[in-house]
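Comments concern the structure below.
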Amino acid sequence: MASCVVTTGSFCSITDSSIRLKSSKLVHLSNQQRRRSLVSRGGLKVEAYYGLKTPPYPLDALEPYMSKRTLEVHWGKHHRGYVDNLNKQLGKDDRLYGYTMEELIKATYNNGNPLPEFNNAAQVYNHDFFWESMQPGGGDMPQKGVLEQIEKDFGSFTNFREKFTDAALTQFGSGWVWLVLKREERRLEVVKTSNAINPLVWDDIPIISLDVWEHSYYLDYKLFCSRLWCGGFFTERIAYEECFLNQSFGVEYVEYAESVASDQTTQALSQRRPPCTTRSVTAREKRKTSAERERFRLRLGLILTRIRFDLVSLDMASVCVNDALTDDELRWILSRLDTEKDKEVFGLVCKRWLYLQSTDRKKLAARAGPHMLGRLASRFTRIVELDLSQSVSRSFYPGVTDSDLAVIAEGFKCLRVLNLHTCKGITDTGLASIGRCLSLLQFLDVSYCRKLSDKGLSAVAEGCHDLRALHLAGCRFITDETLKSLSERCRDLEALGLQGCTNITDSGLADLVKGCRKIKALDINKCSNVGDAGVSSVAKACGSSLKTLKLLDCYKVGDESVSSLAQFCKNLETLIIGGCRDISDESIVLLADSCRDRLKNLRMDWCLNVTDSSLTCVLKQCKSLEALDIGCCEEVTDNAFQGLGSEDVLGLKVLKVSNCPKITVAGIGKLLEKCSSLEYLDVRSLPHVTEVRCSEAGLEFPACCKVNFSGSLTEPDVLL
Numbered sequence: 019m020a021s022c023v024v025t026t027g028s029f030c031s032i033t034d035s036s037i038r039l040k041s042s043k044l045v046h047l048s049n050q051q052r053r054r055s056l057v058s059r060g061g062l063k064v065e066a067y068y069g070l071k072t073p074p075y076p077l078d079a080l081e082p083y084m085s086k087r088t089l090e091v092h093w094g095k096h097h098r099g100y101v102d103n104l105n106k107q108l109g110k111d112d113r114l115y116g117y118t119m120e121e122l123i124k125a126t127y128n129n130g131n132p133l134p135e136f137n138n139a140a141q142v143y144n145h146d147f148f149w150e151s152m153q154p155g156g157g158d159m160p161q162k163g164v165l166e167q168i169e170k171d172f173g174s175f176t177n178f179r180e181k182f183t184d185a186a187l188t189q190f191g192s193g194w195v196w197l198v199l200k201r202e203e204r205r206l207e208v209v210k211t212s213n214a215i216n217p218l219v220w221d222d223i224p225i226i227s228l229d230v231w232e233h234s235y236y237l238d239y240k241l242f243c244s245r246l247w248c249g250g251f252f253t254e255r256i257a258y259e260e261c262f263l264n265q266s267f268g269v270e271y272v273e274y275a276e277s278v279a280s281d282q283t284t285q286a287l288s289q290r291r292p293p294c295t296t297r298s299v300t301a302r303e304k305r306k307t308s309a310e311r312e313r314f315r316l317r318l319g320l321i322l323t324r325i326r327f328d329l330v331s332l333d334m335a336s337v338c339v340n341d342a343l344t345d346d347e348l349r350w351i352l353s354r355l356d357t358e359k360d361k362e363v364f365g366l367v368c369k370r371w372l373y374l375q376s377t378d379r380k381k382l383a384a385r386a387g388p389h390m391l392g393r394l395a396s397r398f399t400r401i402v403e404l405d406l407s408q409s410v411s412r413s414f415y416p417g418v419t420d421s422d423l424a425v426i427a428e429g430f431k432c433l434r435v436l437n438l439h440t441c442k443g444i445t446d447t448g449l450a451s452i453g454r455c456l457s458l459l460q461f462l463d464v465s466y467c468r469k470l471s472d473k474g475l476s477a478v479a480e481g482c483h484d485l486r487a488l489h490l491a492g493c494r495f496i497t498d499e500t501l502k503s504l505s506e507r508c509r510d511l512e513a514l515g516l517q518g519c520t521n522i523t524d525s526g527l528a529d530l531v532k533g534c535r536k537i538k539a540l541d542i543n544k545c546s547n548v549g550d551a552g553v554s555s556v557a558k559a560c561g562s563s564l565k566t567l568k569l570l571d572c573y574k575v576g577d578e579s580v581s582s583l584a585q586f587c588k589n590l591e592t593l594i595i596g597g598c599r600d601i602s603d604e605s606i607v608l609l610a611d612s613c614r615d616r617l618k619n620l621r622m623d624w625c626l627n628v629t630d631s632s633l634t635c636v637l638k639q640c641k642s643l644e645a646l647d648i649g650c651c652e653e654v655t656d657n658a659f660q661g662l663g664s665e666d667v668l669g670l671k672v673l674k675v676s677n678c679p680k681i682t683v684a685g686i687g688k689l690l691e692k693c694s695s696l697e698y699l700d701v702r703s704l705p706h707v708t709e710v711r712c713s714e715a716g717l718e719f720p721a722c723c724k725v726n727f728s729g730s731l732t733e734p735d736v737l738l
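Sequential numbering from 19 applies to the sequence shown in the working numbering.
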């Protein structure tokens, strides 16, 4: 791209047999273009430098998509600066004398440990390539060789365009986007490179390039606000990418690889909006959308009016959007973006926008140690939701530790949601930091943090009075003392998870509901010391609020508990009583009658005393029922389904009847007549119901229904 020039101090041609050039491609520059770097070689002063190559079109030829002023600054200032700095570096050492630009880049890249000359050399090459990747008016459709290769490697030219655009929009910070030919694989690929790196260092063949450094677009798009559209992309870079692709994206030349093609020019691409999905919109939604749009236009109009006023009093050449908009206004614009991807792109405009996007971020998921957490806290100052949970499969990794929690407590003062699921390294000391500093905390999940005890949880209750949800599953050292602390200090508690906390007793539940009467969801699965007294206390105290109660394998729970729920908890939506073997038809009938309008999910597998009478009652009366599990209820027969009348239409979506030996194909057939919306049916281990027998009987399952005959299907978690 650029060429090496050799002159003497008096600018006369000379011949020096001791100097051997690697390339014979020499270009003589004007006096104004010369930047002299004198090198002593055998007493002779010699200049060795690269020239600033002029774009292959007038500087105003790309208007209005890239202005003359932008090219004057970009080419005449930034590009020239790279050339000058490179020549100064080369003038200090003659080891790289005589290299072509391509050879210089590969040599100074130094196998991933770049020499000081690499940055300027690569930037000179990249900019020369960038100017030649554009042409006035845009290019034509790629000719046969290139187009065929694009369609082969990307599926279509449209797919290539979308991939190239997405790469440009998601290039974090400064860098370049390239279409390259992978030499070994002989295929085209879109690649992103940071800073000055280019594909030559990997021996790829560049085809076209796009500069996404801020200096390539900030002048033309500093007043981009006038083009804002509610719900669309609106950053400087996006406007720049569109104009590059839509109008200026042409290839005048391409040295396309080893006979793949020789003559290539890419198409001037037309803007493509994402497809719209249609659905029915109510009149109320239309009014709401119209009102929101009007408020947006009004606020934006005020902002733009002030910008225009500012432009009158300021020099147009020096004004950019950062001078015209306040932080609050930029945050308001950021808030109008619909997706997380759009918000990430917002931060690519400049450092100020990145800072605002960072400080406005509300959610963060991280796997980091104390040093990184400290940096995150200083950058994301308004985080309200922090997820540090660990995957169960990473059982060897302890997750965050007490020292990490100290950093979190000091750095994330606005935190309201903290997820520490399976962080096995934390102890009561870490929880004490949370209780001491995070007074705004509303949600805490420390499930399977097995070192925790009442001391740590009491510290949380002491400091986090606004706590609404607390999950303690698998914390085996928790006792009734924790429930007593919650009752005294966290009276707004709405969700409590105590699965597997076997030290919890009826007395603890009674203490809990003395103060916490707003509980909506209570999980005491596998709390083997909880019985009827504890459940009845919860039902009486939280009757109007309780919607979800899980009592899986609480073998001390019987009819008294279910009867209390039927009497006091009219709004109950989910009840899990699987494994409670003392529950019988009597209490189930009461429950079906009392919660007929609200009950959606009922799990009563292994309730061995449940028979057809109570099941028929549930199916007939609970019109909102969506999921039902009666697995291993050995007394249930086909009569439970045969008893349904013609007017009984079931809304069941999930039904599990596995290991019910008295159910046959006839019963399943009757059930299917009433359940047109069934999505999952579990008929495992039914001796009279097999796939072959169902086929022979002509049973027709709903089109969207998954039937589990052998256990090979993944079960829905609605009843877990």
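No residue lacks a Cβ here, since even glycine has one placed at the ideal position from N, Cα and C.
Here the structure is a predicted model, which is why all the values come from computation and not from measurement.
* Between residue 707 and the rest of its own chain, which residues show a CB-CB distance below 7 Å, the 5 nearest in sequence each way excluded? -> Taken in chain order, the residues that qualify are 681, 682, 683, 686, 701.
* To do: Assign residue 640 to buried or exposed, taking buried as 16 or more other Cβ atoms, counted over all protein chains shown, within 10 Å of its Cβ.
  => Buried, because 16 or more other Cβ atoms sit within 10 Å of the Cβ of residue 640.
* Where does residue 217 land, buried or exposed, given buried means 16+ other C-beta within 10 angstroms? -> Under this definition residue 217 is a buried residue.
* Can you name, in chain order, every residue of its own chain whose Cβ lies under 6 Å from the Cβ of residue 578, other than the five neighbours on each side? -> Correct list, in chain order: 550.
* Cross-strand partners of residue 698 (DSSP beta bridge) -> DSSP, once it has assigned bridges, lists 672, 724 as partnering residue 698.
* **Close Cβ partners of residue 647 (< 6 Å) along its chain, the five nearest in sequence each way excluded** => Result list for residue 647: 621, 623, 674, 737, in chain order.
* To do: Find the nearest neighbour of residue 193 within the set 392, 598, 209, judged by alpha-carbon distance.
  => Ranking 392, 598, 209 by Cα distance to residue 193 puts 209 first.
* What did DSSP end up calling residue 679 once you bin it into helix, strand or coil? -> DSSP, read as helix, strand or coil, puts residue 679 in coil.
* Asked: If residue 457 sits next to residue 482, beta carbons under 8 Å apart, how far is it from one beta carbon to the other, in whole angstroms?
  -> Yes, they are in contact, since the Cβ atoms of residue 457 and residue 482 sit about 6 Å apart, within 8 Å.
* Asked: Thinking just about the alpha-carbon of each residue, which of 137, 423, 396 is nearest to the one in residue 405?
  -> Each of 137, 423, 396 was checked against the Cα of residue 405, and the nearest Cα belongs to 423.
* To which residues of the same chain is residue 615 closer than 8 Å at the C-beta, ignoring the five residues directly before and after it? -> Contacts found: 641, 642.
* Rounded straight-line distance, which links the Cα of residue 109 to that of residue 58 -> Confidence at residue 58 is low in this model, with a pLDDT of 33, below 50, so its placement is unreliable and the value that follows should be read with caution. Using only the alpha carbons, I get a separation of about 9 Å.
* Helix, strand or coil at residue 210 according to DSSP, with G and I counted as helix -> The DSSP-derived three-state label of residue 210 is strand.
* To do: Identify whether residue 543 lies in helix, strand or coil by the three-state DSSP scheme.
  => Coil.
* Taking DSSP as the reference, what is the three-state secondary structure of residue 521? -> Coil at residue 521, not helix or strand.
* The alpha helix (DSSP H) spanning residue 621 covers which residue range? -> Residue 621 -> not in any alpha helix (DSSP H); beta strand (DSSP E) instead, spanning 619-621.
* Asked: Which whole-angstrom value is the C-beta distance of residue 719 and residue 710, which I expect to be below 8 Å?
  -> Contact flag wrong, Cβ pair sits at about 14 Å.
* Report yes or no: do the segment 382-398 and the segment 353-366 share at least 3 C-beta pairs separated by less than 8 Å? => Fewer than three beta-carbon pairs drawn from the segment 382-398 and the segment 353-366 are found closer than 8 Å, and the two stretches are therefore not classed as touching.
* Determine the contact status of residue 526 and residue 501, defining contact as a CB-CB distance below 7 Å. => The Cβ atoms of residue 526 and residue 501 sit closer than 7 Å to each other.
* To do: In the DSSP assignment, find the beta strand (DSSP E) that holds residue 193 and state where it starts and stops.
  => Here the beta strand (DSSP E) through residue 193 covers 193-200.
* To do: Return the first residue and the last residue of the alpha helix (DSSP H) that residue 138 is part of.
  => From DSSP, the alpha helix (DSSP H) with residue 138 extends over 136-150.
* To do: Have a look at residue 105 and residue 123 and give me their C-alpha separation to the nearest angstrom.
  => Take the alpha-carbon of residue 105 and the one of residue 123: they are about 14 Å apart.
* **Best match in 573, 185, 91, 120 for proximity to residue 212 [C-alpha to C-alpha]** => Residue 185 holds the alpha-carbon nearest to the alpha-carbon of residue 212 among 573, 185, 91, 120.
* **Cα-Cα separation, residue 403 to residue 174** => If you take the alpha carbons of residue 403 and residue 174, they lie about 41 Å apart.
* Provide the residue(s) that pair with residue 437 in DSSP beta bridges, ordered along the chain. => Under DSSP, residue 437 shares a beta bridge with 405, 463.
* Which residues share a DSSP beta bridge with residue 574? -> By DSSP's assignment, residue 574 forms a beta bridge with 549.
* To do: Determine contact between the segment 124-139 and the segment 81-95, defined as no fewer than three beta-carbon pairs at a distance below 8 Å.
  => Segments in contact, no.
* Any idea which residues DSSP pairs residue 224 with across the strands? -> Answer is 198, bridged to residue 224.
* Length at least 3, wholly inside the segment 623-667: the beta strand (DSSP E) runs in chain order -> List check, beta strand (DSSP E) in window: 645-647.
* **Given residue 627 as reference, the closest of 509, 576, 440 once Cα atoms are compared** => Residue 576 is the option with its Cα nearest to residue 627.
* Would you mind stating whether residue 678 and residue 651 have Cβ atoms separated by less than 7 Å? => Contact annotation: residue 678 and residue 651 have beta-carbon atoms nearer than 7 Å.
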